[in-house]
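Same order as they appear, the protein sequences are chains A and B. For the first sequence, the positions run 0 to 613 when numbering that gives the first Met the number 0 is used. For the second sequence, the positions run 0 to 345 when numbering that gives the first Met the number 0 is used. For every residue, glycine included, the Cβ atom is placed at its ideal position computed from N, Cα and C.
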Amino acid sequence: MTPTTRGFRELKAVVVRFAGDSGDGMQVVGERFTDTSVTVPNAIATFPDYPAEIRAPVGTIAGVSAFQVHFGSINVLTPGDEPDALVAMNPAALAVHLSDLAERGLLIANTAAFNEENLKMAGYAANPLDDPELRKKYDVIAVDITGLAVEALKDSTLSHRDKLRTKNFLALGFTYWVYGRPLEPTMAFIHAKWGTKAPEVADANIRVLKAGYFLGETMEHTRNRYMVARAEVEPGTYRKISGNDAIALGLIAGARKAGRDLLYSGYPITPASSILEALAAYKHCGVKTVQAEDEIAAIGVAIGASFAGGIGVTGTSGPGICLKSEFMGLAVSTELPLVIIDVQRGGPSTGLPTKTEQSDLLQALHGRHGESPLPVVAANSPSDCFHAAFEAVRIALEYSTPVVLLTDGYLANGSEPWKLPDEDSLPTIDKPFADPSQPYVTFARDPETLARTQAIPGQPGLEHRIGGLEKDGKGGISYDPDNHAEMTRLRAAKVEAVAKSLPLLNVNGDKTGKLLVIGWGGTHGAITTAVETLRTEGYEVSSTNLRYLNPLPADLEGLLKGFDRVLVPELNSGQLSMILRSRYLVDAIPMNKIMGRPFKVSEIRNRIVELLNA
Amino acid sequence: MATTAEKSAADTATAPLNRKDFVTPNDVRWCPGCGDYAILNSLQRTFPELGVPRENFVVISGIGCSSRFPYYMNTYGFHTIHGRAPAVATGVKIANPDLSVWIVTGDGDGLSIGGNHLMHLLRRNLDCTVLLFNNRIYGLTKGQYSPTSPEGTRTKTTPTGSVDHPINPLLFALGAEATFIARTVDNNPKHMVEVFKAAHQHKGVSFVEIFQNCVIFNDATWDPVYSKETRDEQMLFLETGKPLRFGKDKSKGIRLNGLVPEVVDAASVPESELLVHQPDHPSPLYSQILATMGMPDFPTPVGVIRRIERPTYENQIHGQVNEAKAKRGDLTIQQLLHGSSTWTVE
């Protein structure tokens, strides 16, 4: 922390968490703070954390909704371990989030909400803001946020109720002052959103936003302000993107590069629904979407589209993936291209619908009847969801196979700046249909990929039948024992053949050493950050993130054998570590967290240090 | 994409198709005497007459005896999973609306495990034809009662008689507001071909219940309705614009008494009092009267029960896509990635 001129202290990175009742507009202000910070530019990662109930009873612990934003002048790969600043709009928000706040962290509390009833609902016997210990531990700013917002609007024609609703912008304005952020991007947003529809609302929100900012100025002489400098970012064009939006774009781009029509079919389920919502808005790009009657129909519709020559994609979360498994077996048997997206959430059953977990890995790999192998791909950051989705489409088409794409609630809802790739950097996916001038053999295979070639309805002379009954190579029904053994072998060999098309593993650090930390999916940011910092401190540790869970990359075994020890952090009870142990006979050390929340960098860091110092 | 199948037939017209063009070399493996043979034969006779090129037919089925059907039709075919053919058919038809899509299902496949999918297919009005073979029994699993088995049906799983109230397939289709509802029988090939043609001509979802005999596990289940001895008195052949008459020499008719039908002696009432068949009757109540008529008090109607017009699902999906393209214009991948808000770092 270096003092700078003009009253700012410069920090490399800051974590701010906005927390309040689910009706308090915390997601809105979190998004605004993010959008403002990306334009600085800062490196950014966000983590929305909201309840499963749309409107839990006001003031309760269950109703607390939060949005965390991590912004820095250095590389930021996670939403941050502990907030440096916490905005608590009511006692319940304080009760839920205070323990996370960094020591000496900034606590902004809305005193208006700390009344007897709210305190009781949050489980406080006395007002915690009156506790001198609190002020010793944290930098507390207790202000009447609600009252100040209403006061700022005393001339407004808005109803009192509507005036109360602007209070989130007061809190936002104040945090802008603390961190020296510009107000213009938020004012532009307010104008765009309400300017024509409800100008008096736009006017009120801007006045309250400014009032929050001025509140800081009036207490300037007593307060610290913090400056996060511009991040050194690669030149290019950027946008902010969430994981689910990135999936939507990756699917469209993949279908385009393959010359196939995209049909996405889903059933509403948290947190996968926003993929369907995003794609439904791309009709002008030729995207067809279906909200099916259930999870089963959703995948069935996608399979039908693929059979007819398009590329069918379905997506789900939690229990939805179980419902799709019967149709996944059919897609394996008929060897049709298909992408199944599983946005993992806490389970089993309804579990934790809005919380993240990585507990569907074994389900994706093995959760079907019969021997039914299929490729499994995982995304490792919100923007990486674009590339992972594109890759899933490529593998599905080039290998005529269903592919599972694993993401999770943390990636789906989290967002980060994304440097737009150049269209020409995306490969063309070349998978022609059968040649009508040649006789068609249903399961004739490409010698390299072992993929079959599709003939599609409408192609004259290639009429044929497919289905879930075991077939011989020519496509006829076969109960022959040797044929079944051979087809089972071929289906597995085809999936294994995907490995030949995979790039070498990306290793963070040396390719041999004392400790390799290996993860998959959304733990990438936390693992990379922990390992990068420890390496600068002289620790002999490396890390890698697996994009491909099936088939595993051909160079993985060599990498594993080059290290004395292997640590496998996962948000499950040890699913990848089990695979690595059984497949490569390495004594992989599991590191597991099943709390519905992502790893903190410090948790991984501490475990690495513990292992290396042991 | 919105061209009709008939149009593309004209484009690619070659030698006229005949029944044999739709026969596959596969051995047909239904039990000897199964009603499915007659249905297969009738469909193979129907397809060449529809003016659709062979490559544009897709036959999609679920699981069960009837669902082996695609393997015996020399068209594109997909034998999917139990009850879920409507979902696959929906994807096929959206991907390529030019295709003539036929779903083959049974009483168990379509109304038990697949009841949900069938309901949604019907209410969405996907342009396709559903042939529901109703033999009131599970055949492929060797003789358990089905959702259309009458109460009291004794099978291996119901040794003391089933207690389930059966579902009426026509009422089910009517409840889902299917735009075309018909019934035919496996022992009347001429009638089957007529009904299949009418189903194909209908633009929208066409639901056809076929009374089908399972010779092994539920033999003669429909004989009280359609045997040579009973059919004159028990079957009512529906003809558009004609009064509802049945019986030997059409001596009986159906008249409305309030909201309920009654059987009358046709000779003793003026013809103007008889109900006239009107498949496009604006009220579904008329269709419901037909759908619920049957033994023991009424004859069983066969033919086209209901036929109304409504926009099809796939046309509306393509319509919205085309409208959005016209209004907003298609995007290149690069434009797509840009979205609405970007910033540039120099």
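field: Contact check, A:K166 vs A:D23, beta carbons under 9 Å
entry: On the first sequence, position 167 is the one that residue 166 of chain A refers to. On the first sequence, position 24 is the one that residue 23 of chain A refers to. Yes. Within cutoff.
task: Could I get the ranges of all uninterrupted beta strand (DSSP E) runs contained in the region 247-310 of chain B, with 3 residues as the minimum, in chain order?
output: With a minimum length of 3 residues, the continuous beta strand (DSSP E) runs that stay inside the region 247-310 of chain B are 251-256, 259-264 and 299-306.
query: Is it true that the region 319-329 of chain B meets the region 193-213 of chain B, where meeting means three or more beta-carbon pairs spaced less than 8 Å apart?
result: no
message: Can you tell me whether B:W29 is helix, strand or coil according to DSSP?
response: What you label residue 29 of chain B is simply residue 30 of the second sequence in a count that begins at 1. Three-state result, B:W29: coil.
message: Taking the beta strand (DSSP E) that A:S64 belongs to, which residues open and close that run?
response: One-based indexing of the first sequence puts residue 64 of chain A at position 65. Per DSSP, the continuous beta strand (DSSP E) segment holding A:S64 begins and ends at V63 to G71.
query: If we count Cβ pairs, one from each stretch, closer than 8 Å, do we get three or more for the region 338-351 of chain A versus the region 266-283 of chain A?
result: Three or more Cβ pairs drawn from the region 338-351 of chain A and the region 266-283 of chain A lie within less than 8 Å of each other, which places the two stretches in contact.
Neighbourhood of A:R564 by C-beta, 6 Å cutoff - its chain only, sequence neighbours within 5 removed: For the purposes of this step, residue 564 of chain A is identified with residue 565 of the first sequence, where counting begins at 1. Excluding sequence neighbours, A:R564 sits near L514.
Closest residue to B:V57 among B:Y70, B:C64 and B:S65 (Cα-Cα distance): Mapped onto the second sequence, residue 57 of chain B falls at position 58. Nearest option by C-alpha distance: B:Y70.
field: Endpoints, the alpha helix (DSSP H) within which A:S621 is located
entry: Residue 621 of chain A lies beyond the residue range present for chain A, which begins at 0 and ends at 613; the question has no answer from this structure.
- prompt: Considering only residues of the region 106-156 of chain B, which uninterrupted alpha helix (DSSP H) runs meet the minimum length of 4 residues and lie entirely inside it, listed in chain order?
  reply: Listed in chain order, the complete alpha helix (DSSP H) runs (minimum 4 residues) inside the region 106-156 of chain B are 114-123.
task: Reducing DSSP to helix, strand and coil, say where A:P90 ends up.
output: Locating residue 90 of chain A in the first sequence gives position 91, counting from the first residue. A:P90 falls in the helix class under three-state DSSP.
query: What does A:S264 pair with, by DSSP beta-bridge criteria?
result: Mapped onto the first sequence, residue 264 of chain A falls at position 265. A:V289 and A:T313.
Close beta carbons around A:S305, own chain, < 6 Å, minus the five adjacent residues each side: Taking the first sequence and counting its residues from 1, one reaches residue 305 of chain A at position 306. Counting only Cβ-Cβ distances below 6 Å, and skipping sequence neighbours, we find G311, L335, P336 and L337.
message: Can you tell me whether A:M594 is buried or exposed? The criterion is at least 16 other CB atoms within 10 Å of its CB, across all chains shown.
response: Position 595 of the first sequence, counted from the first residue, corresponds to residue 594 of chain A. When all chains shown are included, A:M594 counts as exposed.
field: A:M25: first and last residue of the uninterrupted alpha helix (DSSP H) it sits in
entry: As a working mapping, residue 25 of chain A is identified with position 26 in the first sequence. Unbroken alpha helix (DSSP H) run through A:M25: M25 to V37.
- prompt: If you measure beta-carbon to beta-carbon, which residues of the region 90-117 of chain B are closer than 7 Å to chain A?
  reply: G90, V91, I93, A94, N95, D97, L98, N115 and H116
task: Please confirm if A:K513 has its CB atom under 9 Å from at least one CB of chain B.
output: Locating residue 513 of chain A in the first sequence gives position 514, where the first residue counts as 1. No - not a single Cβ of chain B is within 9 Å of the one on A:K513.
task: Would you check if the distance between the CB atom of B:A86 and the CB atom of A:A291 is smaller than 9 Å?
output: The residue given as residue 86 of chain B occupies position 87 in the second sequence. The residue given as residue 291 of chain A occupies position 292 in the first sequence. Against a cut-off of 9 Å, the Cβ pair of A:A291 and B:A86 comes out as a contact.
message: Taking the straight line between their C-alpha atoms, what separation do you get for A:A307 and B:P47?
response: For this step, residue 307 of chain A is matched to residue 308 along the first sequence. For this step, residue 47 of chain B is matched to residue 48 along the second sequence. Whole-angstrom Cα-Cα distance: 22 Å.
task: To the nearest angstrom, report how far apart A:P597 and B:V162 are at their CA atoms.
output: By one-based count along the first sequence, residue 597 of chain A stands at place 598. By one-based count along the second sequence, residue 162 of chain B stands at place 163. If I take the Cα positions, the gap works out to 52 Å.
- prompt: With 9 Å set as the bound, which would you pick, yes or no: does the beta-carbon of B:Y137 sit closer than that to a beta-carbon of chain A?
  reply: Translated into positions along the second sequence, residue 137 of chain B becomes position 138. Output row for B:Y137: interface = no.
message: Relative to the C-alpha of A:Q67, which candidate in A:E415, A:G366, A:I607 and A:H463 has its C-alpha closest?
response: Here residue 67 of chain A corresponds to residue number 68 of the first sequence, with the count starting at 1. When only C-alpha atoms are compared, the closest one is A:E415.
message: Please list the terminal residues of the continuous alpha helix (DSSP H) segment that includes A:K323.
response: Residue numbering aside, residue 323 of chain A sits at position 324 when the first sequence is read from its first letter. Counting along the chain, A:K323 falls outside any alpha helix (DSSP H), and DSSP gives it neither H nor E.
- prompt: Can at least three beta-carbon pairs, one atom from the region 384-392 of chain A and one from the region 569-587 of chain A, be found at a separation below 8 Å?
  reply: no
task: Answer yes or no: does any C-beta atom of chain B fall closer than 9 Å to that of A:Y281?
output: Here the question's residue 281 of chain A lines up with position 282 in the first sequence. Closer than 9 Å: yes.
message: Taking 9 Å as the threshold (C-beta atoms), are A:A203 and A:L157 in contact?
response: The residue labelled residue 157 of chain A in the question sits at position 158 within the first sequence. The residue labelled residue 203 of chain A in the question sits at position 204 within the first sequence. Against a cut-off of 9 Å, the Cβ pair of A:A203 and A:L157 comes out as a contact.
- request: Name, please, each residue of chain C whose Cβ falls closer than 8 Å to the Cβ of B:T311.
  value: Looking at the structure shown, chain C is missing, and the protein chains on hand are A and B.
- prompt: What whole-angstrom Cβ distance do A:L504 and A:T543 have, given they're in contact under 8 Å?
  reply: Taking the first sequence and counting its residues from 1, one reaches residue 504 of chain A at position 505. Taking the first sequence and counting its residues from 1, one reaches residue 543 of chain A at position 544. A:L504 to A:T543, Cβ: 5 Å. Contact.
Any C-beta of chain B under 9 Å from that of A:L419: Position 420 of the first sequence holds residue 419 of chain A. Cβ-Cβ to chain B under 9 Å: yes for A:L419.
field: Interface residues of chain A facing B:W342 [CB-CB closer than 8 Å]
entry: Within the second sequence, numbered from 1, the residue matching residue 342 of chain B stands at position 343. Chain order gives the chain A residues near B:W342 as V37, T38, P40, T236, Y237 and R238, where near means a beta carbon separation below 8 Å.
query: Where does B:P168 land, buried or exposed, given buried means 16+ other C-beta within 10 angstroms?
result: Residue numbering aside, residue 168 of chain B sits at position 169 when the second sequence is read from its first letter. Per the 10 Å Cβ criterion, buried.
- prompt: What are the boundary residues of the beta strand (DSSP E) that includes A:R8?
  reply: Position 9 of the first sequence, counting from 1, holds the residue named residue 8 of chain A. Unbroken beta strand (DSSP E) run through A:R8: F7 to L10.
message: Assuming contact is defined by CB atoms lying nearer than 9 Å, are A:T110 and A:A61 in contact in what I supplied?
response: Here residue 110 of chain A refers to the residue found at position 111 when the first sequence is read from its first residue. Here residue 61 of chain A refers to the residue found at position 62 when the first sequence is read from its first residue. No, the pair does not count as a contact, with Cβ atoms beyond the cut-off.
task: Under 8 Å Cβ to Cβ from A:G194, same chain only, skipping five residues before and after it: list those, please.
output: Taking the first residue of the first sequence as position 1, residue 194 of chain A is located at position 195. Within the same chain, A:G194 has close Cβ partners A201.
- request: Over the uninterrupted alpha helix (DSSP H) stretch that includes A:S273, give me the two end residues.
  value: As a position in the first sequence, residue 273 of chain A is number 274, starting the count at 1. Note, A:S273: alpha helix (DSSP H), S272 to A279.
DSSP state of A:L199 mapped onto helix, strand, coil: Here residue 199 of chain A corresponds to residue number 200 of the first sequence, with the count starting at 1. Residue 199 of chain A is actually Glu in this sequence, not Leu. In the structure shown, A:E199 sits in a helix (DSSP, three-state: H, G or I).
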